[in-house]
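J.:
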Amino acid sequence: MSDLDLRQEFLAGTAPGEDIAVQLSGDGQFRTADMSLSIGPAHPATHGVFRIVLDLDGERVREARPVIGYMHRGFEKLAEHRDFRQIFALVNRHDWLSGFSNELGTALAVEKLMEFEVPDRAQWIRMLLAEWNRVLNHLMFIGSYALELGAITPMFYAFREREDIQHLLESATGGRLHFTYNQVGGLKIDLPKGFLAESTQVSSLVRSRLPDYFDLVLGNEIFHGRTKGVGPLPMEVALSLGVSGPTLQATGLPEDPRVTEPYLKYGEIDVEVPVGENGDAFDRFYCLLHRIRVSLDIIDQIHDHIPPGPVNSKLPKMVKAPEGATYVRIENPLGQLGYWLESDGGRTPWRLKMRTPSFSNVQAIPYLMRGQLIPDAVSILGSVFFVVGDIDR
Amino acid sequence: MMLLVTSGVAPYLAQAESILDVGDTFIVPLLLKLAFVLGIFFVVPLVAGYLEHKAMGRMQHRRGPVEAGPFGTLQLVADGIKFIQKEDLIPSAADKWVFAMAPGVALVPAMLALLVIPFGPGVFALDLELGLFYVLAASSVSVLGVLMGGWSSANKFSLFGGLRAGGQLIAYELPLILAAIAVAVQAGTLSLVGIVEAQAEFMLFGTGINLWYVIPQLLGFGIFFVAALAELSRPPFDMPIGDSELVFGYMTEYSGIKYAMYMLTEYAGMVTMSALMVVLYLGGWQLLPGVPLPGCEAAGGLFDCGVTGTLLGVGVMLGKILLLVFVMVWLRVAYPRLREDQLQRIAWLVMVPLALLNLALVTIAKVVY
Chain V
38 MSDLDLRQEF LAGTAPGEDI AVQLSGDGQF RTADMSLSIG PAHPATHGVF
88 RIVLDLDGER VREARPVIGY MHRGFEKLAE HRDFRQIFAL VNRHDWLSGF
138 SNELGTALAV EKLMEFEVPD RAQWIRMLLA EWNRVLNHLM FIGSYALELG
188 AITPMFYAFR EREDIQHLLE SATGGRLHFT YNQVGGLKID LPKGFLAEST
238 QVSSLVRSRL PDYFDLVLGN EIFHGRTKGV GPLPMEVALS LGVSGPTLQA
288 TGLPEDPRVT EPYLKYGEID VEVPVGENGD AFDRFYCLLH RIRVSLDIID
338 QIHDHIPPGP VNSKLPKMVK APEGATYVRI ENPLGQLGYW LESDGGRTPW
388 RLKMRTPSFS NVQAIPYLMR GQLIPDAVSI LGSVFFVVGD IDR
Chain S
32 MMLLVTSGVA PYLAQAESIL DVGDTFIVPL LLKLAFVLGI FFVVPLVAGY
82 LEHKAMGRMQ HRRGPVEAGP FGTLQLVADG IKFIQKEDLI PSAADKWVFA
132 MAPGVALVPA MLALLVIPFG PGVFALDLEL GLFYVLAASS VSVLGVLMGG
182 WSSANKFSLF GGLRAGGQLI AYELPLILAA IAVAVQAGTL SLVGIVEAQA
232 EFMLFGTGIN LWYVIPQLLG FGIFFVAALA ELSRPPFDMP IGDSELVFGY
282 MTEYSGIKYA MYMLTEYAGM VTMSALMVVL YLGGWQLLPG VPLPGCEAAG
332 GLFDCGVTGT LLGVGVMLGK ILLLVFVMVW LRVAYPRLRE DQLQRIAWLV
382 MVPLALLNLA LVTIAKVVY
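Line by line, the protein sequences give chains V and S. Okay, so the first sequence: first residue is 38 according to the numbering used here, each after it adds one. Okay, so the second sequence: first residue is 32 according to the numbering used here, each after it adds one.
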């Protein structure tokens with residue numbers, strides 16, 4: 038079936054009221070039609086404007102068709118009309134939960150193209166804040182996934198921790214969500230006085246509260262019942278769909294650019310990659326929760342490494358990248374983020390292609406949802422961690 | 032049923048004398064009883080709702096309502112006023128009459144069930160000989176309202192919610208009734224007042240230790256509590272509402288006062304079920320097993336208590352009800368939601384056999400001792 042056919046079928050099948058129809062056929066027997074249920078674009082489980090159309094047989098999903106694009110904001114095109122310093126304010130908005138990591142990817146791409154050497158201190162600080170950003174992001178998903186399974190409390194717990202971390206990051210960057218702290222050649226400004234002490238304190242605080250999540254959510258029997266064996270994703274399928282991040286690691290593959298292709302100074306410290314066994318919803322959540330612990334370990338290591346020195350280097354009045362193209366991949370909180378940056382030698386990028394983790398991860402949804410029940414479909418939808426802005430850009 | 036046949040018309044009539052039966056006229060006690068039932072119906076669920084707001088808030092690192100009234104006590108009243116002011120939306124594709132009637136059909140049985148529940152020494156509207164049967168029958172009518180709402184909304188999410196609720200309530204009615212029958216067997220009566228009296232007189236096999244039924248029937252109490260949670264669609268059994276899956280289940284299309292009626296049904300249901308559990312298992316309005324309330328020494332420590340004893344009895348009863356409501360809230364905070372098929376499996380493979388086992392044990396014990 039071609040894409041066009043699929044599209045027509047979906048348009049015809051989702052007219053309201055048309056498909057609950059139960060028709061009386063000629064021989065007097067009831068013939069039932071499949072129901073198609075449109076979840077989203079405004080639905081509590083889609084956290085954003087993601088839409089998914091389910092063909093249902095009772096509560097069982099025959100076919101799931103994600104419909105994306107409701108939040109397309111044209112960042113790639115907009116970036117072609119901003120100079121290399123301005124695009125930072127764009128990229129930290131497509132995945133609003135990983136603003137710092139996105140900036141970092143852009144900075145690395147521009148610096149790679151310009152063959153710019155960044156001061157050591159700036160590199161370590163970038164790593165520190167990127168890991169804090171990862172913890173922030175994962176806490177959000179831990180809360181929201183539990184919420185999708187009907188547990189309301191972990192969300193409040195997660196926000197308690199997020200508040201502490203956001204307060205910390207705000208003291209350095211001035212932002213809570215869109216940090217815009219990176220710039221070409223380093224960072225906007227040095228860390229405030231006492232930041233590292235506070236960072237150590239918050240790190241131990243969050244670490245001391247992690248058992249709450251391990252016990253209350255990961256150890257809960259109902260949570261096991263709702264996630265174990267639900268939506269298993271084999272490694273080969275995951276790889277062929279371009280799935281990355283915790284969703285890929287849950288299948289048992291320890292792929293993480295921080296380890297396999299270290300950028301910044303990740304080669305100088307120990308980075309553990311938690312992996313799952315079956316690639317089911319439970320393993321995905323397990324990996325996500327353990328990644329918080331790993332990030333806190335990394336943060337503690339970074340605290341001992343940050344050298345004194347400048348955090349940025351002198352830039353020419355007009356930042357121009359030489360003609361050419363480059364590709365940078367980093368481990369975003371949700372998976373592998375790639376920036377393809379092409380320059381024609383002018384002030385603005387000629388092309389900025391974003392390879393975002395959420396976009397690739399949601400491709401696994403039709404595969405995962407086939408044959409599942411609606412509650413499991415919601416459980417799967419939540420366990421393939423994505424941010425809608427990151428899908429649609 | 033045998034009782035009905037043998038004793039003629041009498042079982043329909045009231046047994047014990049209510050303290051609301053004042054004077055010789057028909058109308059005064061009737062009005063008093065109506066006021067009593069309506070008062071309980073509208074006030075206690077609000078207290079339960081406030082308790083839920085505050086308890087949930089404290090468990091989740093927030094404060095709950097603080098603005099409306101002292102310590103936010105009037106928050107639910109404010110909510111009610113807000114709901115009344117809201118536009119009453121009916122979807123154009125909805126089956127309008129059924130849609131409009133559904134919240135009422137769900138609400139009225141919850142009110143009717145309160146008729147026979149004793150809230151203190153002599154403080155009840157009616158003591159039917161078939162009280163337990165009547166409560167279970169009346170409260171099970173609520174599901175009709177839920178099904179009607181789910182079907183008539185012309186919304187797929189509502190339909191799913193309504194059907195889930197239907198399946199769930201049918202599955203859990205059985206263990207609920209089986210557990211309740213065991214109590215009736217042990218007490219030898221279906222009258223709720225009679226069950227409280229029987230608990231005051233129940234001695235642990237030959238010894239002089241007075242116990243409430245929760246001890247000999249701990250299994251039955253557990254089954255009843257879980258089944259009541261499922262019956263009320265309270266978390267972790269809130270699949271008919273399932274706000275992350277089904278938007279808001281059968282209530283998705285409801286707004287304004289109709290939505291408020293559904294919510295009131297839920298809280299009134301919590302109060303009714305808790306009251307029933309207190310009466311069946313936790314010794315009704317008695318403060319401690321074997322210890323009569325002050326001023327009640329006369330009539331076996333259960334009736335004719337005077338003002339202090341009566342008020343204290345009502346207070347004890349309400350306290351026990353709120354304690355059970357608190358446990359329900361606690362479960363809501365602590366647990367995620369089960370899946371509908373897991374729920375059905377628990378009902379038919381675990382709860383029903385256990386309830387039958389409990390009934391058999393109680394019956395044997397009753398015959399032997």
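Every residue, glycine too, gets a C-beta built ideally from N, C-alpha and C. These numbers were taken from a predicted model, which means no experiment stands behind them.
Counting only beta-carbon separations shorter than 8 Å, does Glu-401(S) have a partner in chain V?
T.: Limits of chain S in this structure are 32 at one end and 400 at the other, which puts residue 401(S) out of reach.
J.: Helix, strand or coil: which one does DSSP assign to Ser-281(V)?
T.: Coil, per DSSP.
J.: Does the stretch 378-386 of chain S come close enough to the stretch 197-213 of chain S to have 3 or more Cβ pairs within less than 8 Å?
T.: As far as the Cβ criterion goes, the stretch 378-386 of chain S touches the stretch 197-213 of chain S, which means the pair count is three or higher.
J.: Does DSSP classify Gln-220(V) as helix, strand or coil?
T.: Reduced to three states, the DSSP call for Gln-220(V) is strand.
J.: Which of helix, strand or coil does DSSP assign to Met-108(V)?
T.: In this structure, Met-108(V) counts as coil in the three-state DSSP scheme.
J.: Please list the terminal residues of the continuous beta strand (DSSP E) segment that includes Arg-366(V).
T.: Note, Arg-366(V): beta strand (DSSP E), 361-369.
J.: Would you mind telling me which residues of chain S sit closer than 7 Å to Ala-188(V), beta carbon to beta carbon, in chain order?
T.: Neighbours of Ala-188(V) on chain S, chain order: Tyr-366, Pro-367.
J.: Spatial neighbours of Gly-63(V) within its chain, please: CB distance less than 8 Å, with the 5 preceding and 5 following residues excluded, ordered by chain position.
T.: Low confidence applies here, because Gly-63(V) scores a pLDDT of 46, under 50, leaving its location unreliable and the question unanswered by this model.
J.: Verify the CB distance criterion: does Ser-275(S) have a CB-CB separation below 8 Å to chain V?
T.: Ser-275(S) counts as touching chain V.
J.: Is Pro-78(V) close to chain S, meaning its C-beta is less than 8 Å from at least one C-beta of that chain?
T.: Taking Cβ atoms only, chain S never reaches closer than 8 Å to Pro-78(V), which makes this a no.
J.: For the beta strand (DSSP E) containing Met-391(V), list its first residue and its last residue.
T.: 388-392 is the span of the beta strand (DSSP E), which, as asked, contains Met-391(V).
J.: Of the residues Tyr-244(S), Phe-72(S), Pro-96(S), Glu-204(S), which one's Cα is nearest the Cα of Gly-219(S)?
T.: Taking only the C-alpha atoms, the option nearest Gly-219(S) is Tyr-244(S).
J.: Three Cβ pairs or more, each shorter than 8 Å: is that satisfied between the stretch 348-362 of chain V and the stretch 322-336 of chain V?
T.: Segments in contact, no.
J.: By alpha-carbon positions, which one of Gly-346(S), Leu-221(S), Met-308(S), Lys-85(S) ends up nearest to Val-257(S)?
T.: Selected option, being the one with the closest Cα: Met-308(S).
J.: What residues from the stretch 254-267 of chain S come within 7 Å of chain V, judged by C-beta to C-beta, listed N to C?
T.: So the list reads Pro-266, Pro-267, given in the order they occur along the chain.
J.: If I follow the unbroken alpha helix (DSSP H) through Val-424(V), where does it start and stop?
T.: First-last for Val-424(V): undefined, no H or E at that position.
J.: Do the CB positions of Ala-202(S) and Gly-300(S) come within less than 8 Å of each other?
T.: Their beta carbons are not under 8 Å apart, which means Ala-202(S) does not touch Gly-300(S) by this criterion.
J.: Consider the Cβ of Phe-260(V): report whether some Cβ of chain S lies at a distance smaller than 8 Å.
T.: With 8 Å as the cut-off, Phe-260(V) counts as an interface residue toward chain S.
J.: Identify each residue in the stretch 82-95 of chain S for which the Cβ-Cβ distance to at least one residue of chain V is less than 7 Å, and report them in chain order.
T.: Result list: Met-90, Gln-91, His-92, Arg-93.
J.: State the Cα-Cα distance for the pair Glu-168(V) and Leu-371(V), rounded to the nearest angstrom.
T.: Their Cα atoms are separated by approximately 12 Å.
J.: Kindly list, in the order they appear in chain S, the residues whose Cβ is closer than 8 Å to that of Glu-154(V).
T.: By Cβ distance, chain S contributes nothing, its closest Cβ being about 46 Å from Glu-154(V), past 8 Å.
J.: Report yes if the CB atom of Thr-288(V) is closer than 8 Å to the CB atom of Val-421(V), and no otherwise.
T.: Not closer than 8 Å, so no.
J.: Using 8 Å as the threshold, is the C-beta distance between Leu-473(V) and Arg-368(S) below it?
T.: In the structure displayed, chain V extends from 38 to 430; residue 473(V) sits before or after that span and is not available.
J.: Classify Trp-161(V) as buried or exposed, calling it buried when 16 or more other Cβ atoms lie within 10 Å of its own Cβ.
T.: Buried.
J.: According to DSSP, is Glu-309(V) part of a helix, a strand, or is it coil?
T.: Coil.
J.: Decide if the stretch 405-418 of chain V is in contact with the stretch 138-154 of chain V; the criterion is three or more beta carbon pairs, one per stretch, under 8 Å apart.
T.: No contact exists between the stretch 405-418 of chain V and the stretch 138-154 of chain V.
J.: I'd like to know if Glu-185(V) contacts chain S, where contact means its C-beta is closer than 8 Å to some C-beta of that chain.
T.: So yes, Glu-185(V) belongs to the interface.
J.: Measuring alpha carbon to alpha carbon, tell me which of Met-359(S), Phe-252(S), Val-224(S), Ser-183(S) ends up nearest Leu-390(S).
T.: Ranking the options by Cα distance to Leu-390(S), first place goes to Phe-252(S).
J.: Any chance the stretch 302-310 of chain V sits against the stretch 333-346 of chain V, with 3 or more Cβ pairs inside 8 Å?
T.: With a cut-off of 8 Å, the stretch 333-346 of chain V and the stretch 302-310 of chain V count as touching, because enough Cβ pairs lie within range.
J.: Would you say Lys-113(S) faces chain V, with C-beta separation under 8 Å as the test?
T.: It does not: the Cβ of Lys-113(S) has no partner Cβ on chain V nearer than 8 Å.
J.: If you follow the beta strand (DSSP E) that Asp-227(V) is part of, which residue opens it and which one closes it?
T.: Counting along the chain, Asp-227(V) falls outside any beta strand (DSSP E), and DSSP gives it neither H nor E.
J.: Pull the bridge partners of Arg-97(V) from the DSSP assignment, please.
T.: DSSP lists Asp-94(V), Leu-410(V) as partners of Arg-97(V).
J.: With distances taken from CA atoms, which of Gly-151(S), Ala-259(S), Ser-189(S) is nearest Val-227(S)?
T.: Of the listed residues, the one whose Cα sits closest to Val-227(S) is Gly-151(S).
J.: Taking C-beta to C-beta, are Met-270(S) and Gln-375(S) nearer than 8 Å?
T.: Not a contact, by the Cβ cut-off of 8 Å.
J.: Run through the stretch 121-170 of chain V for me and flag every whole alpha helix (DSSP H) of 4 or more residues, listed as ranges in chain order.
T.: Listed in chain order, the complete alpha helix (DSSP H) runs (minimum 4 residues) inside the stretch 121-170 of chain V are 125-131, 136-151.
J.: Give every residue of the same chain whose Cβ lies closer than 8 Å to the Cβ of Ala-215(S), excluding the five residues on either side of it in the sequence, and list them in chain order.
T.: Excluding sequence neighbours, Ala-215(S) sits near Leu-163, Leu-221, Ile-226.
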